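**Student:** Below you will find the structure I want to go over with you.
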Amino acid sequence: MTFDQGIPDFGEWLFGGFVVSLIRVALLIVGGFLIGFLISSARRGPVEGFYSVSKVIASSVVDLINWSVPRTIAMAMLAVQEAIRRRVLIAFVVFVVIILFAGWYLDVQSDNPARLYLSFVLTASNYLVVLLALFLSTFSLPADIKNRTIYTVVTKPVRSWEIVLGRILGFVTVGTMLLVPMAIVSYFFVARGLSHDHTVAQVEAASAGDVTHEGETSFDSHHRHTFKMYSDGTGETDVVTSHWHQVTKSGDGDSAAYEFGPPIGLLQARVPVFGSLRFKDRAGADTAKGINVGHEWSYRSYIEGGTLAAAIWTFEGVTPQRYPDGFDLEMNLRVFRTFKGDMEKGILGSIVLRNPDPSAKVRRSEAINFTAKEFSSDKQTIPKSIRVVDNQDGSIRDGDLFDLVDSEGQIEVWVQCGERAQYYGMAERDVYILDHDAPFIANLAKGYVGIWLQMVMVTAFGVMFSTFLSGAVAMMATLSSIVIGYFSTFILDVATGTQQGGGPLEALYRILTQSNVQVDLEIGQAPTSVIQGFDMVFMMFMRAMAGLLPNYSKFSTTQYVAYGYNIDGTLLSIQLITAFCYVFGVSLIAYYLLKNREIAA
Amino acid sequence: MADQVAEAAPSSADDKPQAESDVVIETRNLSKVYRDFWGRQKVQALKALDLEVRKGEIFGLLGPNGSGKSTTIKLLLGLLFPTSGEALIFGRDSSDVGKNERIGYLPEESYLYKFLNAVETLDFYGRLFDMPADVRADRVNELITMVGLDWAKRRQLKEYSKGMTRRIGLAQALINDPELVLLDEPTSGLDPLGTREMKDLILRLRDEGKTVVMCSHLLADVQDVCDRIAILHQGELKELGRVDTLLTVKDMTQVRAESLTKEAEEEIRAVIEKHGGNLVAMENPTTTLEELFLNIVRDSDEKPGRRSTQDG
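Residue numbers (the working numbering), protein chains in the order written: chain A, 1 to 601; chain B, 1 to 312.
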């Protein structure tokens, strides 16, 4: 997993994207009233037009003043009762059945079973709950209107706002009633599915340094480990399928017994601490970006091996209180080879830790050599006691990691590629310090919050569409909004022309005539302009839709949980605020639609 | 007819002083045009209706199917928006949700949530009026007893017969002790006994000082309970006035007597002829079928198991 989607800085997000969006929405609302005014002016003259628009605004204010929470709750309770009596809780049974049979099709020999199990349960819960929200929210109100049960409700002092909000609240309650047990079942399914232990298969004495014994474990859960015992009676296994066990020894000689602890490293929530990245070019001069090695992935830029080119991360807040024993550095570097070399071997590189303060007593550490593992994370442990280079004579001596940290708690990590004519590729979020792990259960819960928020938004959209469309049509509309929402990144790429091949009509023409996306259309000036003109209008529409609808993939944090990364508080707050704004805005639209709908027509 | 309409119209001068406080419903030039999806006119369901309903009366809207009775009630409730004109209830616009605090509405068919039972249904509607829990519980029990559904109050409404649904529908319309009750075909789906109970109840509501507006195409029902009626046909008001006035046949005299001999009847014929009158009928009167049916049921309740000896 890479963090290329990125976790934006909260302030940047708030004042950059969010406030701008809010202003746009406010403009949309004002525009809506303006259009309403123009339409009714055209029909009945400007005085009447002004009167009817101000009447709408005034009655909304009255509705807001008279908003009653008990009534809203009554509407919500009705929605819950309706859903339960329609036996929607069956969805939970479906989930349990899927889980029960999951063992049949989940690859037991996976390299990373935790990732597999977690992706599976989270994806299953996500789809089921979103689907449930879709069906619940879109069919209820149209059924009420069709059966005319709504007549007995709207002739009571119920405001449209309460009907809309009550529905959303009720269905969200039902969804939550399903999601919470799903989350609990998921946790136990994953925890039980991954828990296993081993017994000793064979062990023999060894005398390499501190190691007293070496051995092999039994073959359990489709794998076996080798293990080493140290003189103090403790030991550890190697890492197989992303986990290892602690080993303790009791007794001596022939009566020695080895005991293996539970698997470690499967269910974790690593906390990455990101730094900021800058580059040095091959001559050692400062540069904003590295080398672009082609269109392959413009997100990363590259540094050349065997030169002075370096990628420099600056990390903040590196204090002895936070990292008393040093820290782990995790790297996800990409490699670009200009010649093949030995594919089995990685590309060599080095890390140097430097003090950003030029007048520091200790300027840099000894180079730590490593081999870049392409396509997998590489962990480097930086201990507290570290070999440093003396400022005066350049000799290497023992030193302390925190001598390399300046007075503001900053430290620089210089990464260089060691091999000539080979390149390392990196982006800011590819190298980070690992803070202490966060509790896994909390992280799983945060992953489920993401799913929950998706459900809440789908419910709001479903209720909104169902205020003016019939059940099946409302469902299709909501489904479309979900599809656009999940693929909005791609749709925006198409709409802005980042994706080659033109808009939908041009793409269709190219598919039918099997013409390459890079060649010009060879059908003459006029037809080309017609096609591209149509596409331009359609692409503007696509852009507007993808920009307006929620990007659901931003709420899907299942990857974080599955890959064992902690879901950052910033990300969660952004999700919460965004979802709240969508729900509020969509409810407001639903309110106006329902209020101005002729219920009995 | 024209002068009767004028009498009800708000413009009428001598109506004004008392109307101010007593008028519960007032429609001015109320019209409704149903349009299709493209905005083309489909039906003119109601044409410039001017009505006034005063506090404490039972007002009947009468007319054949499709004459605009239900449209009028829906316009009054804000379920439909007028194409032109306006409808005022308690002096407030019909689109004002606040007016619903004082209104009870029984729709044409009781459109209720089938998955709730009687108690849950009434409790739900009580909550919509923000009634405190204890008041609500009392009111729910009281109403269930009043409509005679104590024995079935925990059964889901989907198991209810049409008459039972109608009763619970009436109960929900009265949950807030409304000042104005709008009843759309109140007796539809009820058996004769239920019809009579409904009519008694409507009269009782009036006696309690409530205003009742009902629409029906069952003339007998309207005749029995309404103080004033409006007759609609094809969306137009055809007749409006007090029931007793409207039904009095001014050029006809009815004589009803008991224990007359044949000779006495002959004598009466002679008298009528002598005065130049035209005898239309002289016969033994028939009762209404409703009366007959109710008598049989009452009789059978008193002496169960026996075939009725009622002659008729």
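Ideal Cβ placement from N, Cα and C applies to all residues, glycine included. Remember, predicted model here, so these are calculated numbers, not experimental data.
Just to make sure I have the definition right: I need the residues of chain B whose C-beta is within less than 9 angstroms of the C-beta of E48(A). Which are they?
**Tutor:** Per Cβ cutoff of 9 angstroms: no residues; E48(A) is ~12 angstroms from chain B at best.
**Student:** When you compare only the Cα positions, how much space is there between V30(A) and G547(A)?
**Tutor:** The straight-line gap from Cα to Cα measures roughly 19 angstroms.
**Student:** How is D3(B) classed by DSSP in three states: helix, strand or coil?
**Tutor:** Here the model assigns D3(B) a pLDDT of 42, short of 50, so the residue's position is not dependable, and the following value carries that caveat. Helix, per DSSP.
**Student:** Taking C-beta pairs closer than 9 angstroms, name the residues in chain A that L205(B) reaches, listed in chain order.
**Tutor:** Chain A residues near L205(B): none, gap ~17 angstroms exceeds 9 angstroms.
**Student:** Rounded C-beta distance between N391(A) and R363(A)? I'm assuming under 8 angstroms.
**Tutor:** Confirmed, Cβ separation roughly 6 angstroms.
**Student:** Does A48(B) come out as helix, strand or coil in the three-state DSSP assignment?
**Tutor:** Looking at A48(B) - three-state DSSP - the assignment turns out to be strand.
**Student:** Could you tell me whether any Cβ in chain A is nearer than 8 angstroms to the Cβ of R127(B)?
**Tutor:** Yes - at least one Cβ of chain A is within 8 angstroms of the one on R127(B).
**Student:** Leaving out five residues before and five after I84(A) in sequence, what residues of the same chain have Cβ atoms less than 6 angstroms from its Cβ?
**Tutor:** So the list is empty, once near-sequence residues are dropped.
**Student:** Would a check of beta-carbon distances place D200(B) closer than 8 angstroms to chain A?
**Tutor:** It does not: the Cβ of D200(B) has no partner Cβ on chain A nearer than 8 angstroms.
**Student:** So for W67(A), helix, strand or coil by DSSP?
**Tutor:** Here W67(A) sits in coil by DSSP.
**Student:** If you run the structure through DSSP and keep just helix, strand and coil, what is V203(A)?
**Tutor:** Looking at V203(A) - three-state DSSP - the assignment turns out to be strand.
**Student:** Does DSSP put M282(B) in a helix, a strand or coil?
**Tutor:** The answer is coil: DSSP assigns M282(B) none of H, G, I, E or B.
**Student:** With DSSP as the reference, label K274(B) as helix, strand or coil.
**Tutor:** Looking at K274(B) - three-state DSSP - the assignment turns out to be helix.
**Student:** Here's a check: name, in chain order, each residue in its chain whose Cβ is nearer than 7 angstroms to the Cβ of A474(A), leaving out the five neighbours to either side.
**Tutor:** Only T138, P142, G462, F465 and S466 meet the Cβ criterion.
**Student:** Grab me the residues of D107(A)'s own chain with a C-beta within less than 7 angstroms of its C-beta, minus the 5 sequence neighbours each way, in chain order.
**Tutor:** Cβ within range, chain order: L116.
**Student:** In its own chain, which residues sit with a C-beta less than 7 angstroms from the C-beta of S242(A), not counting the 5 before and 5 after it?
**Tutor:** D111, N112, A114, G265 and L266.
**Student:** Mind listing, in chain order, the continuous beta strand (DSSP E) runs of no fewer than 3 residues lying wholly within the segment 171-224 of chain A?
**Tutor:** If we require 3 residues or more, the beta strand (DSSP E) runs fully inside the segment 171-224 of chain A come out as 200-208 and 211-217.
**Student:** I'd like to check one pair, D325(A) with L434(A): are the Cβ atoms closer than 8 angstroms?
**Tutor:** No. Outside cutoff.
**Student:** Can you tell me whether S308(B) is buried or exposed, with buried defined as 16 or more other CB within 10 angstroms of its CB?
**Tutor:** Model confidence at S308(B) stands at a pLDDT of 47, short of 50, so the residue's coordinates are unreliable and nothing is read from them.
**Student:** On the DSSP letters alone, give me the boundaries of the beta strand (DSSP E) that L453(A) sits inside.
**Tutor:** It is not in any beta strand (DSSP E) - L453(A) instead sits in the alpha helix (DSSP H) that spans F440 to S466.
**Student:** For L182(B) versus L62(B), is the C-beta distance shorter than 8 angstroms?
**Tutor:** Their beta carbons are not under 8 angstroms apart, which means L182(B) does not touch L62(B) by this criterion.
**Student:** Excluding the 5 residues flanking V119(B) on each side, which residues of the same chain have their C-beta closer than 8 angstroms to its C-beta?
**Tutor:** So the list reads V140, I144, K153 and R154, once near-sequence residues are dropped.
**Student:** Can you say whether K379(A) is buried or exposed, counting buried as having 16 or more other CB atoms within 10 angstroms of its CB?
**Tutor:** By the neighbour-count rule (16 or more Cβ atoms within 10 Å), K379(A) is not buried but exposed.
**Student:** Mind checking whether K595(A) and S140(A) have CB atoms under 8 angstroms apart?
**Tutor:** Cβ distance not < 8 angstroms, so K595(A) and S140(A) don't count as in contact.
**Student:** Who are the near neighbours of H603(A) in its chain, counting only those whose CB is closer than 6 angstroms to its CB and skipping five residues on each side?
**Tutor:** Nothing about residue 603(A) can be read from this structure; chain A reaches only from 1 to 601.
**Student:** From Y111(B) to Q559(A), what distance separates their C-alpha atoms?
**Tutor:** Their backbone Cα atoms lie some 48 angstroms apart in a straight line.
**Student:** Would you identify the three-state DSSP class for P320(A), choosing helix, strand or coil?
**Tutor:** Reduced to three states, the DSSP call for P320(A) is coil.
**Student:** Can you list the residues of chain A that P107(B) reaches, using a CB-CB cut of under 7 angstroms?
**Tutor:** Ordered by position in chain A, the residues that pass the 7 angstroms Cβ test against P107(B) are R148, Y151 and T152.
**Student:** Rounded to the nearest angstrom, what separates H618(A) and N566(A) at their Cα positions?
**Tutor:** This structure does not reach residue 618(A), given that chain A is present from 1 up to 601, and the question cannot be answered.
**Student:** Cutting at 8 angstroms between CB atoms, please list the residues of its own chain near S377(A), excluding the five before and the five after it.
**Tutor:** Correct list, in chain order: E330, M331 and N332.
**Student:** Interface residues of chain B around I599(A) at Cβ under 7 angstroms?
**Tutor:** Near I599(A) (Cβ distances below 7 angstroms), the residues of chain B are L79.
**Student:** With a Cβ-Cβ cutoff of 8 angstroms, do E75(B) and K32(B) count as a contact?
**Tutor:** Reading off the sequence shown, one finds Leu at residue 75(B), where the question assumed Glu. Yes, the pair counts as a contact, with Cβ atoms nearer than the cut-off.
**Student:** Distance cutoff 8 angstroms, beta carbons only. Does Y160(B) sit that close to anything in chain A?
**Tutor:** It does not: the Cβ of Y160(B) has no partner Cβ on chain A nearer than 8 angstroms.
**Student:** When DSSP builds the beta bridges, which residues end up paired with F260(A)?
**Tutor:** According to DSSP, which records beta bridges pairwise, F260(A) is partnered with V247(A).
**Student:** For the alpha helix (DSSP H) that Q575(A) lies in, which residues bound it at each end?
**Tutor:** Note, Q575(A): alpha helix (DSSP H), G569 to K595.
**Student:** 8 angstroms is my cut-off, CB to CB: does N360(B) come that close to chain A?
**Tutor:** With chain B running from 1 to 312 in the structure shown, residue 360(B) is simply not present.
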